[in-house]
Amino acid sequence: MAFTYHDLKFHARNALKAVGLENAGLEAREILCVASGKTKEELLRDQDLYVNDDFIKRVGDMVDRRREGVPLAYVLGEWSFRSLTLDVNPAALIPRQETEILAQLSIDWLQEREEEEHLRVLDLCAGTGCVGLSIAAEVKNTRVVLVDASPEALDLCRRNVRRNRLGARAIHMRGDALQAPNAALGLFDLLVCNPPYIPSGDIPGLDPSVRDFEPHIALDGGADGLDFYRSVTELWTPLLHPGGHILFEVGIGQAEQVAMLLKRRGCKQIRITRDLAHIPRVVEGTIPYILKDDAEAETQEET
């Protein structure tokens with residue numbers, strides 16, 4: 001039986017809808033776009049053209065994986081984050097909308113310093129590189145180092161640097177946020193970190209699409225979810241220039257504890273920003289020009 005693009009989209013939509021996927025039509029369109037290499041506009045233009053058997057099988061395989069619960073991003077092999085399209089796979093977490101707040105606050109801080117040349121940015125626990133590469137793409141006077149402990153995640157970073165043609169402003173290096181950094185990294189103006197922050201005991205109760213498919217190494221933050229915040233605050237803030245800035249994404253209920261860690265480290269201008277669901281999502285602070293472990297810092301909250 002001959003199928004057009006429109007026919008195949010219709011069948012894909014019905015197959016996805018049959019397993020209860022609410023956005024079956026949109027997901028079917030995304031699958032056909034990626035499988036064909038066409039934009040949404042091109043797919044609409046070509047909807048009455050016939051497709052070959054190889055293409056039907058490719059789409060069918062993708063639909064089957066989605067029906068089995070594999071996250072759409074992993075089925076597609078790519079995902080959008082701000083202005084970028086990134087390669088994704090199970091080596092790293094899928095970039096999420098709430099993480100765009102972390103990127104935006106980092107970009108805002110850097111853009112206030114546009115007159116300075118070659119601001120150095122460290123994206124620690126980089127994953128796909130989504131935050132650091134957004135910075136590199138949108139703030140032209142930055143030089144970004146993407147650091148992750150996973151070789152597979154670093155391979156994603158490498159591919160995403162190349163895909164988005166950011167090789168002149170971004171590099172990747174291996175490093176473990178739970179260990180002291182290599183001094184060869186040098187000093188930075190900004191440190192941005194979206195670390196693993198799910199308490200170990202909470203992982204079995206996560207949504208199956210996360211628990212069963214996304215990498216636990218990028219989820220597990222230790223018994224209370226704060227292991228990485230303690231380590232980064234203690235071991236990695238010395239890589240910041242005096243007056244440098246640090247931003248963390250945090251999980252639900254963690255913002256005040258992370259703010260206290262920064263306060264004890266001597267950071268100033270500590271601020272908590274909520275996401276679109278009004279959940280405290282980003283904690284940031286500035287390294288003083290003279291760092292004192294017992295310095296006081298005022299915590300403010302933005303809505």
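Quick note: the sequence shown uses the numbering used here, first residue 1, plus one each step.
Where is the CB? At the ideal position from N, CA and C, for every residue including glycine.
All of these numbers come straight from a predicted model, not from anything done at the bench.
Under a three-way DSSP split, which group does residue i fall into?
i: residue 216; result: helix
i: residue 27; result: helix
i: residue 94; result: coil
i: residue 39; result: coil
i: residue 103; result: helix
i: residue 10; result: helix
i: residue 5; result: helix
i: residue 127; result: coil
i: residue 299; result: Summary for residue 299: the model assigns pLDDT 47, below 50, so the residue's position carries little reliability, and this model does not support an answer.
i: residue 294; result: Here residue 294 scores only 41 on pLDDT, less than 50, and its place in the model is too uncertain to base an answer on.
i: residue 44; result: helix
i: residue 20; result: coil
i: residue 70; result: coil
Rounding to the nearest angstrom, what Cα-Cα distance links residue i and residue j in this structure?
i: residue 180; j: residue 119; result: 23 Å
i: residue 122; j: residue 186; result: 10 Å
i: residue 4; j: residue 50; result: 4 Å
i: residue 264; j: residue 103; result: 25 Å
i: residue 173; j: residue 129; result: 11 Å
i: residue 217; j: residue 40; result: 35 Å
i: residue 298; j: residue 268; result: Low per-residue confidence applies at residue 298: pLDDT is 44, beneath 50, and the placement is therefore not dependable, though the value from the model is reported in the following sentence. Going by the C-alpha atoms only, they are around 7 Å apart.
i: residue 287; j: residue 215; result: 32 Å
i: residue 206; j: residue 242; result: 39 Å
i: residue 247; j: residue 175; result: 18 Å
i: residue 10; j: residue 27; result: 11 Å
i: residue 6; j: residue 55; result: 13 Å
i: residue 112; j: residue 106; result: 10 Å
i: residue 225; j: residue 196; result: 7 Å
i: residue 139; j: residue 156; result: 21 Å
i: residue 272; j: residue 114; result: 24 Å
i: residue 204; j: residue 164; result: 35 Å
i: residue 191; j: residue 89; result: 25 Å
i: residue 146; j: residue 170; result: 7 Å
i: residue 16; j: residue 277; result: 28 Å
i: residue 109; j: residue 285; result: 11 Å
i: residue 289; j: residue 266; result: 10 Å
i: residue 117; j: residue 144; result: 13 Å
i: residue 261; j: residue 230; result: 7 Å
So the alpha helix (DSSP H) residue i belongs to, where does it begin and stop?
i: residue 236; result: Note, residue 236: premise wrong, no alpha helix (DSSP H); not H, not E.
i: residue 227; result: 227–231
i: residue 165; result: No alpha helix (DSSP H) holds residue 165; DSSP gives it neither H nor E.
i: residue 59; result: 53–67
i: residue 262; result: 255–265
i: residue 210; result: 208–211
Within 10 angstroms of its Cβ, does residue i collect 16 or more other Cβ (buried), or is it exposed?
i: residue 63; result: buried
i: residue 194; result: buried
i: residue 85; result: exposed
i: residue 293; result: Legend: pLDDT at residue 293 = 46, less than 50; position of this residue unreliable, no value from coordinates given.
i: residue 95; result: buried
i: residue 245; result: buried
i: residue 72; result: buried
i: residue 201; result: exposed
i: residue 227; result: buried
i: residue 127; result: buried
i: residue 239; result: buried
i: residue 134; result: buried
i: residue 52; result: exposed
i: residue 153; result: buried
How far does the beta strand (DSSP E) with residue i in it reach, from first residue to last?
i: residue 113; result: Taken as a continuous stretch (DSSP letters only), residue 113 belongs to no beta strand (DSSP E), as it is neither H nor E.
i: residue 270; result: 268–274
i: residue 170; result: 170–174
i: residue 193; result: 188–193
i: residue 146; result: 142–148
DSSP puts residue i in a beta bridge; with which residues?
i: residue 87; result: 78
i: residue 249; result: 282
i: residue 198; result: 220
i: residue 304; result: The structure shown has nothing for residue 304, since the chain only spans 1 to 303.
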